[in-house]
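Down below is the structure, laid out as structure tokens.
Residue numbers (our numbering): 1 to 791.
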């Protein structure tokens, strides 16, 4: 018996490996939904900064989040996805060769493959043959909606894993009496609840199933009702199993209440808005979820229809298990049939019913055995089941190859309003039909398939690595299937299997980090990560590439993703003011617009200090700029009153014939290598000047060698000299990032004006032959390293 259990574990792990390798084969490497982006933004903040906001998606507004009392944006989703994805993203953050998004997208493949292994173990506990239990697990993993959802970052596969894991734990306890299974059952349910709090309504069903299991284990197996003696002794003698089950559930409940409080300031506030209600016509929602052409459950997983023939066997063998699955299915159907967005929005098939798939697939097991082994209905029965399985796999492949968003966008453009009722009732609008129209070499979105305007390229490493995993896992499964007892060769084969799967996954992630990345973003992300300091933040103005930046950025700064605009809305202006007030430096990853036309960068350039600016490769005009936000009160001020005059005149420059006066300046008090050097110049126009002269700001060392410089129109190219009005004062900001390896010592700042065409400088009133103004000497102190940001 012990050897049989060990062999069953080996088969279960082989099934896990085979399914996981198959999911790596259809891996895409990007998040397809706003729900997924919101949940990833939360775990990203948790890993980078120990925070829980989703300010990376401010450009989305309240589509997937709500604003908390502190003004930050928080996802309305549960914390469950974040807790499970945390280790994956944490490891990726510390491994520069792996993308954070790519690592997070391993979560659903891992849990779905794990669910398949649990289905096998459940089948064996129910007395199924190894071949029947294996077939059922593989049907779940490759022939139902479970497969397409491994490409996503939706929480539905997590809920399916949790709800099935909870039921599996109760099944194991009912047969073994070991309380560890109840701890596992409560923990699995708790994860499902934390992933989606609506699962709270399933708790009474699981509690009822637990009571039945306790009753059956203590002399009530042959009775149809719970006797009075058992009810009286339940708390007195059965408190240990109850505590084992309830402890993780209570813990998840307390964590959920804290999650509400941490985001929205109240344990009872979940952030959902008034429009998100259970207000759909019940009959319309239920029929749409079951048989509707757009979201009908059995259209997307027709192989589950044969489970009808397995219900009788289940009822005869395990009535409590059959009743539990039936009640859970009915509850989910009634619940989501009433939800205002019962169809799941942008998704493939009936998204909200995906958690039911592992439960309902259990009914397929005995039906499969009847048709395929016992020849129920003869050869015709086999053909029927084989046909349904082939169609089911075909439907999953259709959903895997083409992004579901293409059809949804087509529907949105063709039929108004969005999610119009007729799009769910007419076959002509069914994604199962329309998806075929979008299937082409240019629309296939598998990670190893590189589609372009002129054709496609296959990433052979991305293709062959998962195939290798599939082959190794298949051979391992065959090895265990042919041997009824565990031996040394099996154990060695299992270790090899584990090693191959780990190496395949790691190699794929490293490969995709290099192959699936936009050329523009890695240089920006790497530069920020290399130079960032405490008190910095990122203003990200490329909203359609939010996840691409998050994938390659391995730093720890907060990111504020906002919409690029030429004129800021009041809420945008409020966010900019908050950033200027809160942080010392702001890294700006811009869109392709010119900075002088950006509503975000105009005030930054006029009110703050541009330290550096670099154009991003492979873009039209995108830039990485960093601004110093230190308030002017932190600078040392000095008055000058030096006048600049006509370069063509031989007369000494004075108030009478001067053009421009430098009234004074303010400069950083304390500077060190790697820190920012800020300079404010206060010009005054004495008379109108027709020609546009450039300002130069040079940083010189003790020998007069140039260390850094800034040249251009005043106010970062936005106030040319010819636009100055007589008497007007112009405040002109300049900033420099000192090199990290700059030697401490005394340096000199020199400023002036010159003709950009001839290079001739304007003379100054400081004395004959002077064409520049030397500011007070600058003392650069040795750098101090912050232990929080050591690389």
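Cβ atoms here follow ideal geometry from the backbone N, Cα and C, with glycine treated the same way.
Here the structure is a predicted model, which means the values were calculated and not measured.
By a beta-carbon distance limit of 8 Å, residue 244 does not contact residue 305. Their separation comes to about 38 Å. Around the beta carbon of residue 540, 16 or more other beta carbons lie within 10 angstroms, which makes this residue buried. Residue pairing of residue 612 in beta bridges, as defined by DSSP: 626.
Counting along the chain, the unbroken alpha helix (DSSP H) around residue 179 starts and ends at 179-195. By the neighbour-count criterion, in which 16 or more other beta carbons inside 10 Å mark a residue as buried, residue 349 falls on the buried side. If the five residues before and after residue 400 are omitted, its C-beta is found closer than 6 Å to the C-beta atoms of 26 and 148, all from its own chain and listed in chain order. Within the region 557-595, the complete beta strand (DSSP E) segments of 3 residues or longer fall at 559-561 and 585-589, listed in chain order.
Per DSSP, the unbroken beta strand (DSSP E) holding residue 698 starts and ends at 694-700. Distance between residue 124 and residue 459, taken at the CA atoms: about 40 Å.
A check of alpha carbon separations from residue 562 across 575, 250, 629 and 550 identifies 575 as the nearest.
Listed in chain order, the non-local C-beta contacts of residue 164 below 7 Å within the same chain comprise 115, 118, 358 and 359, local neighbours out to five positions each way being set aside. Excluding residues up to 5 positions away in sequence, 186, 187 and 190 lie with their Cβ nearer than 6 Å to the Cβ of residue 248 in the same chain. Look at the region 711-743 and you find these whole runs of beta strand (DSSP E), each 3 residues long or longer: 729-737. A residue is called buried when at least 16 other Cβ atoms come within 10 angstroms of its Cβ; residue 196 meets this threshold and is buried.
Less than 9 Å separates the beta-carbon of residue 356 from that of residue 160. Taking C-beta atoms as the reference points, residue 31 and residue 112 fail to come closer than 9 Å.
Residue state for residue 606 is assigned as helix, using DSSP reduced to three classes.
Rounded to whole angstroms, the Cβ separation of residue 264 and residue 66 is 7 Å, and the two are in contact under 8 Å.
Distance between residue 45 and residue 100, taken at the CA atoms: about 12 Å. Here residue 155 is not near residue 50, since their CB atoms are 9 Å or more apart.
For residue 128, there is no enclosing beta strand (DSSP E), as DSSP marks it with neither H nor E. Here DSSP, grouped into helix, strand and coil, assigns residue 348 to coil. Using a 10 angstroms sphere on the CB of residue 733, the tally of other CB atoms reaches 16 or more, which defines it as buried. In this structure, residue 659 sits away from residue 682, with a CB-CB distance that is not shorter than 9 Å.
Residue 738 is positioned such that its CB atom lies closer than 9 Å to that of residue 708. In this structure, the straight-line span from the alpha carbon of residue 294 to that of residue 346 is close to 12 Å. Annotation: residue 637 is outside any alpha helix (DSSP H); the continuous beta strand (DSSP E) that includes it extends over 635-644. In the DSSP assignment, residue 451 forms a beta bridge with 456. Classified as buried, residue 749 has 16 or more neighbouring CB atoms from the shown chains inside 10 Å of its CB. Residue pairing from DSSP places residue 780 in a beta bridge opposite 671 and 745. For residue 424, the number of other beta carbons within 10 angstroms of its own is at least 16, and it is reported as buried. Under the DSSP assignment, residue 548 falls in the alpha helix (DSSP H) whose first and last residues are 546-552. With a 10 Å radius around the Cβ and a threshold of 16 neighbouring Cβ atoms, residue 322 comes out buried. Under the criterion of beta carbons closer than 8 Å, residue 441 and residue 404 do not qualify as touching, at roughly 18 Å. Secondary structure in the region 488-549: the beta strand (DSSP E) runs of 3 residues or longer, each lying completely within the stretch, are 536-540 in chain order.
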